[in-house]
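Reading the sequence shown from the start, the letters are residues -6 to 623 in my numbering.
Ideal placement from N, C-alpha and C gives every residue a C-beta, glycine not left out.
Remember, predicted model here, so these are calculated numbers, not experimental data.
Please read the structure below before turning to the comments.
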Amino acid sequence: MAYKDVYDAWKADPEKFWMEAAEEVHWYKKPSKALFDDKAPIYEWFSDGLTNTCYNAVDRHVEAGRGDELAIMHESPITHATKGITYKDLQKRVSSLAGALKMRGVEKGDRVIIYMPMIPEALEAMLACARIGAIHSVVFGGFAAHELAVRIDDCTPKAIIAASSGLEPNRVVHYKPLLDQAIDMAEHKPEFCVIFQREQEVARLIEGRDFNWHGFQYGVKPADCVPVEGNHPAYILYTSGTTGAPKGVVRSTGGHLVALNWTMKNIYNIDVGDRFWAASDVGWVVGHSYICYAPLIKGAQTIVFEGKPVGTPHAGVFWRIIQNQRVKSFFTAPTALRAIKREDPNGEFIKRYKLHDLQAIFLAGERADPDTIKWAQEKFGVPVIDHWWQTETGWAIAANPLGIEELPVKIGSPSVAMPGYDIDILDEAGHPVEPGELGAIAIKLPLPPGTLQTLWNAEDRYRKSYLTTFPGYYETGDAGIKDEDGYVYIMARTDDVINVAGHRLSTGAMEEVLSNHPDVAECAVIGVADELKGQMPLGFLCLNAGCTRDHADIVKEVVRDVRNEIGPVAAFKLACVVDRLPKTRSGKILRGTMVKIADSQPFKMPATIDDPAILDEIKVALQGLGYAKE
-6 MAYKDVYDAW KADPEKFWME AAEEVHWYKK PSKALFDDKA PIYEWFSDGL
44 TNTCYNAVDR HVEAGRGDEL AIMHESPITH ATKGITYKDL QKRVSSLAGA
94 LKMRGVEKGD RVIIYMPMIP EALEAMLACA RIGAIHSVVF GGFAAHELAV
144 RIDDCTPKAI IAASSGLEPN RVVHYKPLLD QAIDMAEHKP EFCVIFQREQ
194 EVARLIEGRD FNWHGFQYGV KPADCVPVEG NHPAYILYTS GTTGAPKGVV
244 RSTGGHLVAL NWTMKNIYNI DVGDRFWAAS DVGWVVGHSY ICYAPLIKGA
294 QTIVFEGKPV GTPHAGVFWR IIQNQRVKSF FTAPTALRAI KREDPNGEFI
344 KRYKLHDLQA IFLAGERADP DTIKWAQEKF GVPVIDHWWQ TETGWAIAAN
394 PLGIEELPVK IGSPSVAMPG YDIDILDEAG HPVEPGELGA IAIKLPLPPG
444 TLQTLWNAED RYRKSYLTTF PGYYETGDAG IKDEDGYVYI MARTDDVINV
494 AGHRLSTGAM EEVLSNHPDV AECAVIGVAD ELKGQMPLGF LCLNAGCTRD
544 HADIVKEVVR DVRNEIGPVA AFKLACVVDR LPKTRSGKIL RGTMVKIADS
594 QPFKMPATID DPAILDEIKV ALQGLGYAKE
C-alpha cells in the first residue's frame, strides 16, 4: 500500500485501523474497542484492555526465543565504555529492580521520579516502574534543584531513583547534591531514594532514606509483570522550561504501546532485530519514545549514548558508532548536525567510516534548516527526513513514512500528516485558510493513540491550554502553512516558547527569574537566531530608577540566576540593559518586532506602538551584542 492508501484507510475507518494496529502488541485482555469518547473532548484509547509495557518491551521477546539477542548497546566515549545487554539480561535486571521497589511498597499507580544520565540503568528504571504499574517521571539529569523540587511537589513520588553523577566532556556533574537540595526545598518528601553509584563519583548516602542500587536489590524476589488497564498512565513527562506550575504530560499505556509499535516499521522502517539509534536523552520525549520504548517494543536493538556530537572525542563519534553498531536508522536533532558541520564542514570524518548499513537519517526537535539538510544529503547519500512532533504527541504528527513509501522530500517541510492526525491551518476565527496561507496549526480531535491523555492533576489546564482556542481541535501552538500536496511547513511558535538546540523553553519562565533580581524593574526575553543552536535567549533589562551599579555585574548576576533556577539547558548567556521596552499603547511588549530587529529581518512598524523611537534604542543595544546588523 502507498502512503495515500494507508492514510485514507485510517480516515475512512479509524476504529478498524487502530484495532488492527493493536493486534501487533500483547494484551492479557484485548480491548473491546479502540476509541472511548464518552468523556469527550477528553478521549481515551483501548481503555478496557489489559496489558503491560514492560512485558511487550522485554519478556515477550525472551519468550519468543530471542533472549540472547542484544536489546541495549551502551556507548560512552566519555568513559571509553561499550556494553551490550541482551533481552534475557534485561529481563533479569528489570525484574530484580521491580521486585525491590515492590518490596519497599511501590505499587500500581505510585509515582517514581528518575533522575539519571545516559546509562542503561536509566532505561532499566523506566521499565521496572512499568513492570509493576508504577508511573515514572524522568527528569533530565542535572536539571536545577528548584526545577526538580517543583516536579517532586507536583507528582508526589513515593521514591526517587538517581545516579551519583553525570559526565560531561570535561567535568563531572554532581547529581546527588542537587537531589538532596531539591528534596529539602520540596514540600513533599519521597519515602526513599535509590542511588546508582558511578565509578567517577561515589555519593554520600543519607541513612534511612538512601539505598545503594545493588544493595537495594540484594536477595530480592524478582517481580512479575502487573497487567494494567489501557488507560492507566504509563508516565508523566514535564514540558521543559517552566518555573511556575509545571505541565505534566500524561501518556496512557495502551495507546502508547500501539502507536509506538506502529511507528517503528511504518515511519522509521525498523523491524525485529534491526539496529536503531536516537541520539537524544531520556529526559526528553525523544528519549522516552525512541531510546527506551519503541525500539524495544518492536524487538529492535537500541543504543544508549553518553557523549556529545563533537568533543567526545571528535566530530566523527556519531559515524564511528553507526559503523561499529551497524545502525540502520539514525535519529538526531538538527543542532547536532550543525555542530558537526561547523567542526567538519568537508565531512572528512565521515569519509573515515563505512556506513553501509545506514539507510536514513531522521531529524526532529526544531526546524531543520535547508543548508544542514542539503549538507547531510550530499555527505551521506541517504534520505534525510525532517519530521515534526511534540512532547504532547509522543510521536510524529507529520513525517515521510519510509516504511510505507518514500515520498519526495520538500526541504523546509516535515512532509505530510501521519494516520491519526487530521491537520488544518486556521485563521484567528478558527476557519481553515487556503493552501499556502499562514495560520495556526491545529489537529482535529480526537488525537490518535499515544498522544497525551491529559495533564497530571490539571485537566482544566489541559482543556484551557490545548482545547479551547479552537473548539473541536487540539491547538499545537505552532504557526505554519500547508501546500496543495498536503505538505506542512512549520514557520514559528504562536506563543513565547523558543527552541534552543531542540529543547522548548519558555521565555516567560526566564523573564520571571530576571524580574526577581532586586535591580530589575522590567524585562523581556526573546529568542534570537543562532547558527548552532537554532535559537538563543536574549534578555533586555530595565533597571530601577537610581540604580548606579555596573551594568556588567547585573548581567552576570541574572545569567547566574537563570542557570540556577532553570538550569544550563536554558543556555542563557546574553543580556543588555536598556532604558525602556517597546510596547503597544495597551502595554503589550512587542517581542516579535524585537526578534526581527535582532535577526536583521524587515518589519513593519506596528500600528499600535506607543513610541517608535524606542525601536532605534533597541537596535543600538542589539548591535552592541553583535545582532541587528545593517
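- In the structure shown, the three-state DSSP call for residue 475 is strand.
- With respect to the 8 angstroms criterion, residue 418 and residue 354 are not classified as neighbours on the basis of their beta carbons.
- Counted as a single uninterrupted DSSP element, the beta strand (DSSP E) harbouring residue 231 occupies residues 226 to 231.
- Residue pairing of residue 505 in beta bridges, as defined by DSSP: absent, with no partner found.
- Per DSSP, residue 461 has no beta-bridge partner at all.
- Per the Cβ contact rule, the stretch 91 to 100 is in contact with the stretch 123 to 137 (3 or more Cβ pairs under 8 angstroms).
- With contacts defined by Cβ atoms closer than 8 angstroms, residue 357 and residue 381 form a contacting pair.
- For residue 167, the pairing in a beta bridge is given by DSSP as 158.
- The stretch 335 to 403 contains, as complete alpha helix (DSSP H) runs of 4+ residues, the segments 341 to 345, 363 to 373 (chain order).
- Looking at the DSSP output, residue 435 shares a beta bridge with 417, 468.
- For residue 179 against residue 142, the beta-carbon gap comes to about 4 angstroms, under 8 angstroms, which counts as contact.
- Taking a cut-off of 8 angstroms on C-beta distances, the stretch 459 to 466 touches the stretch 432 to 445, as three or more cross pairs fall below it.
- In this structure, the beta-carbon distance from residue 567 to residue 332 does not fall below 8 angstroms.
- Going by DSSP, residue 21 is part of no alpha helix (DSSP H) at all; its letter is neither H nor E.
- Just measuring C-alpha positions, the residue of 390, 72, 615 sitting nearest residue 163 is 72.
- Residue environment analysis places residue 538 among the exposed positions, since fewer than 16 neighbouring C-beta atoms fall within 10 angstroms of its C-beta.
- Between residue 135 and residue 171, the C-beta gap is smaller than 8 angstroms, which places the two residues in contact.
- Rounded to whole angstroms, residue 500 and residue 301 show a C-alpha spacing of 26 angstroms.
- Per DSSP, residue 275 lies in no beta strand (DSSP E) segment and is marked neither H nor E.
- A check of alpha carbon separations from residue 260 across 288, 460, 241, 77 identifies 288 as the nearest.
- Separation of the CB atoms of residue 279 and residue 115 is rounded to 14 angstroms, and the pair is thereby denied contact status at 8 angstroms.
- Residue 47 sits in a helix when the DSSP states are folded into three classes.
- Residue pairing of residue 445 in beta bridges, as defined by DSSP: 244.
- Of the candidates 589, 426, 34, 202, the residue whose Cα lies closest to the Cα of residue 476 is 426.
- For residue 308, there is no enclosing beta strand (DSSP E), as DSSP gives it neither H nor E.
- Sixteen is the threshold: when 16 or more other Cβ atoms of the shown chains lie within 10 Å of the Cβ of residue 318, as they do, the residue is buried.
- Secondary structure of residue 184 (DSSP, three-state): coil.
- For the options 397, 603, 613, 16, the alpha carbon positioned closest to that of residue 590 is the one of 613.
- Relative to the Cα of residue 359, the nearest Cα in the group 120, 494, 196 belongs to 494.
- Rounded to whole angstroms, residue 618 and residue 262 show a C-alpha spacing of 45 angstroms.
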